[in-house]
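So the protein lines, in turn, are chains A and B.
In terms of my numbering, the first sequence opens at residue 1306 and continues consecutively.
In terms of my numbering, the second sequence opens at residue 476 and continues consecutively.
Beneath this line is the structure, given in structure tokens, with notes to follow.
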Amino acid sequence: MHRFLRRPDVGILIGCICIFILFSLWNPGQWFNWYTFISISRYTAILGLLAIGQTFVILVREIDLSVGSVYGAVGVAFIGLEQQLSVPLSFLLAMIFAIMVGLLNATIVIGGRLPSMIVTLGGLFFYRGLIYVSTHGAVRGPPQAARQDWFAQLIGGHWFRVENGFLWMLLLAGICGAILYQTPFGNHLFASGGDPASAESQGIPVNRVRTWAFILCSVFAGLSAVVTLTKDPQTNVSLGTGFELESIAAVVIGGTLLAGGRGTVLGTVLGSFFFTAVRSEMIAFGAPPSWYTSFVGIALLLVVTVNTLLSKRLRSN
Amino acid sequence: MVSHIGSNDPNMNWLTTSLKTFDERYPGVKTEYLSTNEYSLQNFITILNQAIATHPDGIAVPILNSEALQPILDKAIQDGIPVVAFNISDPRPADQRIHYLTYVGGDEHLTGLKLGEYVIEQVNAGKIPKPTRVLCANHDATHQGLKARFAGMQEAMKKIDVPVEDLIIGADPAGARSIMQSYLSTHKDVNYIFCLGTLSVPWAYSVADEMGLHPKLSDKGLTIVGVDDSPNSLEGIKDGKVLASHSQGFWLQGYLPMEFLYFYKKMGMAPLDDIITGPIVINQSNIDLWIKIVKGIIGEEAYKKQITW
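Below you can see the structure in the form of structure tokens.
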């Protein structure tokens, strides 16, 4: 029991159980509705994928504010490439673009010894501007033929009425969880974030680990965009606006410390589910959607306070 | 021209195209188009202040928010910079509003009202279902013009005792869809969606379609009403996915403010009243003509590119 309570994601786990019970009792007709499940699972998948990538970066004591714009830019690149190339090849090239973005972020942060918050803030504006300039304000979604392509269906289709995007998110969360807890790379991530100097003295290539964290973050943002576009083709240049902060909120509420070195992928996925479910139910209950923004702020403050108190108590014990 | 219609909005092409025509007709005048690329009043004010600081011979500006823009524009006018409001007017009575020369643009309240009246007309003709509840999908909570469109629709629907609700959906497609889906799943009596911005028209259709609400135009199911003469809205009407939309005369909103500022500068002349350039309701009866007009303005290629259905 004591070991369970020490988990960083225990707070969000309890939070999710509480809202599940609350919504089941309060509004069972809405909560156990299939469309509610589809709506919540779809947005959880989009936000979850973004947030999983962000988890890697936060675990190594960095932050990526460019993910929302990278999500948009990779999405726009995927659509643009698809007009000339096949869907799988467009996906591959879009992912290479995402890798390059992550690599660039890491190179500037590490090589220039600059704070990641500033570097990725620059990225946020740069990639959003790139979308505006390259599209002239209008982005056409992938055409019907492209959406019917086997590869697009594999990413954005259905499997027994459940959206593939959600299944991909669960599968990748499982893989990332295993990487974090079962591989030396995961160990290196925690060590690099927990105490970089000590990690370096033990021979851990901290800068290489941080580079991989940035690359993974951009790749997950790109994946999230492709999941969105292969499922819901209608798009806009505003694609991904505000996602950077939502993804950080999901990671933090999921128990990952902004100071790095502690966190779980499960917590991040639950954090994404928590925000999506609460917003959905708030709207269903008739609250204006703008209340959700205030709710995110209050929830974050509460979680950070509880987490800090819990870890202090555990340390003193 | 300081505008909130940036390169994130296809409507910008109307304004920049009309400014280009003005430049060709008045070679001695230099026009400049400055805009924000996101829906942020604060960023808009920053750009406006920067434009005023260059002390131009005139400024055309949409009144996104009367209270926020009043002190800035009053100061500019006092400093001798004439101002023409375009696209969004100051909704307050004439004696209380910002002292601009004139307003050139559509009447946003009339936009909602006329589209609502068109719905009622079609209902009475038995062509579409009678509204039970109307949802107004609003992508920008701070936009005064969208609030006026909502109020216009409310006024029209009041005549047949139909409730109208405003839902802030945000500008991101995935988030907007999620919000609309949550709302529609609990408000099952909603059978009309009035999209206050053209970008949300395809999103609303896809959500309704997925939820089995039958948004394709017929005498039953859910009906979608759009706005603007963008290729998205026009193709929606053409395909029977959107009941109607409107044009607010965007081209004139770019061109006329520049002419009025020029006349004022050269001859001290200004119109005595506002210049209302719209709304014109676009529906099945005039859709082919509008597609032709829009293609003529923005070009066939750009037209195709802007269709996001």
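Glycine is no exception: its CB is placed at the ideal position from the N, C-alpha and C atoms.
Selected residue, minimal CA-CA separation from residue i, among the options
| i | options | result |
| --- | --- | --- |
| A/Leu1459 | A/Leu1534, A/Ala1403, A/Asp1500, A/Leu1521 | A/Leu1534 |
| B/Ser613 | B/Leu642, B/Met632, B/Gln619, B/Lys589 | First, the amino acid is wrong: residue 613 of chain B is Asn here, not Ser. It is B/Leu642 whose Cα lies nearest to the Cα of B/Asn613. |
| B/Leu621 | B/Arg572, B/Asp703, B/Glu592 | B/Asp703 |
| B/Ser478 | B/Gly503, B/Asn524, B/Gly687, B/Leu764 | B/Asn524 |
| B/Pro746 | B/Val559, B/Gly533, B/Ser660 | B/Val559 |
| B/Trp765 | B/Glu710, B/Asp749, B/Tyr730 | B/Glu710 |
| B/Ala526 | B/Phe561, B/Ser515, B/Leu548 | B/Leu548 |
| B/Asp554 | B/Leu688, B/Leu697, B/Asp532 | B/Asp532 |
| B/Asp714 | B/Glu685, B/Asp694, B/Ile762 | B/Ile762 |
| B/Val598 | B/Asp570, B/Leu585, B/Asp615, B/Met632 | B/Met632 |
| B/Ile755 | B/Ala569, B/Gly587, B/Gly672 | B/Gly587 |
| A/Gln1335 | A/Phe1490, A/Ala1582, A/Cys1323 | A/Ala1582 |
| A/Thr1516 | A/Pro1420, A/Asn1492, A/Gly1407, A/Ile1484 | A/Gly1407 |
| B/Asp694 | B/Val594, B/Ile522, B/Pro566, B/Val504 | B/Val594 |
| A/Pro1447 | A/Ile1423, A/Pro1593, A/Ala1457 | A/Ala1457 |
8 Å CB neighbourhood of residue i in its chain, flanking five on each side removed
| i | result |
| --- | --- |
| A/Phe1578 | Cys1321, Ile1345, Thr1349, Gly1353 |
| B/Gly650 | Ile644 |
| B/Ile757 | Asp704, Ser708, Leu709, Ile712, Ala719, Ser720, His721, Ser722, Trp765 |
Cβ-based neighbour list, residue i, same chain, cut-off 7 Å, excluding 5 preceding and 5 following
| i | result |
| --- | --- |
| B/Gln781 | Pro485, Ser705, Pro706, Asn707 |
| A/Arg1433 | Ser1374, Gly1377 |
| B/Ile552 | Val558, His574 |
| B/Ile772 | Trp489, Thr492, Trp726 |
| A/Ala1399 | Val1379, Ala1382, Phe1383, Leu1386, Gly1527, Val1531 |
| A/Asn1541 | Val1444 |
Residue environment, residue i, which counts as buried when at least 16 other CB atoms sit within 10 Å
| i | result |
| --- | --- |
| A/Phe1569 | Correcting the residue type first, residue 1569 of chain A is Thr in the shown sequence and not Phe. It is buried - the Cβ of A/Thr1569 has at least 16 other Cβ atoms within 10 Å. |
| B/Gln629 | buried |
| B/Met744 | exposed |
| A/Phe1430 | exposed |
| B/Glu499 | exposed |
| A/Glu1549 | buried |
| B/Trp784 | buried |
| A/Ser1552 | buried |
| A/Gln1507 | exposed |
| B/His530 | exposed |
| A/Gly1316 | buried |
| A/Gln1449 | exposed |
| B/Pro648 | buried |
| B/Gln759 | exposed |
Euclidean distance between Cα positions of residue i and residue j
| i | j | result |
| --- | --- | --- |
| A/Gly1623 | A/Phe1471 | Nothing about residue 1623 of chain A can be reported from this structure: the residues present for chain A run from 1306 to 1622 only. |
| B/Lys602 | B/Lys716 | 14 Å |
| A/Ala1411 | B/Lys495 | 43 Å |
| A/Leu1355 | A/Ser1529 | 6 Å |
| B/Leu659 | B/Gly753 | 31 Å |
| A/Leu1390 | B/Ala646 | 29 Å |
| A/Asp1454 | B/Pro677 | 22 Å |
| B/Lys779 | A/Gly1499 | 52 Å |
| A/Val1608 | A/Gly1560 | 8 Å |
| A/Leu1397 | A/Gly1461 | 16 Å |
| A/Ser1543 | B/Met742 | 43 Å |
| A/Ile1520 | A/Leu1330 | 43 Å |
| B/Gly481 | A/Phe1580 | 31 Å |
| B/Phe519 | B/Gly580 | 19 Å |
| A/Thr1573 | A/Thr1360 | 7 Å |
| A/Gly1427 | A/Ser1523 | 15 Å |
| B/His662 | A/Ala1564 | 43 Å |
| B/Met802 | A/Val1556 | Beyond the ends of chain B as shown, which are 476 and 784, falls residue 802 of chain B; an answer cannot be given. |
| B/Lys605 | A/Leu1409 | 56 Å |
| B/Phe735 | B/Glu507 | 16 Å |
| B/Val609 | A/Val1372 | 35 Å |
| B/Leu511 | A/Ser1621 | For the record, residue 511 of chain B in the displayed sequence is Thr; it is not Leu. If I take the Cα positions, the gap works out to 52 Å. |
| B/Leu576 | A/Pro1393 | 57 Å |
| B/Ser675 | A/Gly1591 | 21 Å |
| A/Phe1625 | A/Phe1342 | Residue 1625 of chain A cannot be examined here, being either before or after the span of chain A that is shown, 1306 to 1622. |
| B/Gln656 | A/Tyr1340 | 8 Å |
In DSSP terms, what residue i is bridged to
| i | result |
| --- | --- |
| B/Glu640 | B/Leu610 |
| B/Tyr667 | B/Val609, B/Thr698 |
| A/Pro1357 | According to the sequence as given, residue 1357 of chain A is Ile; it is not Pro. Bridge partners of A/Ile1357: none, in fact. |
| B/Ile755 | B/Ser722 |
| B/Glu510 | A quick correction: the sequence has Ser, not Glu, at residue 510 of chain B. Paired residue(s): B/Ser478. |
Neighbourhood of residue i by C-beta distance below 6 Å, restricted to the same chain and skipping five residues each side
| i | result |
| --- | --- |
| A/Asn1512 | Ile1415 |
| B/Glu583 | Gly620, Ala623, Arg624 |
| B/Ile751 | Asp582 |
| A/Met1474 | Ala1350, Gly1353, Leu1354 |
| A/Ala1518 | Phe1361, Val1362, Val1365 |
beta-carbon residue i near the ligand MG non-hydrogen atom, thresh 6 Å
| i | result |
| --- | --- |
| B/Ala569 | Inclusion of the ligand MG in the displayed structure is not the case, the ligand content being empty and no account of it being possible. |
Chain C contact residues for residue i, given Cβ-Cβ distances below 7 Å
| i | result |
| --- | --- |
| A/His1441 | Included in the structure are the protein chains A and B, with no chain C among them. |
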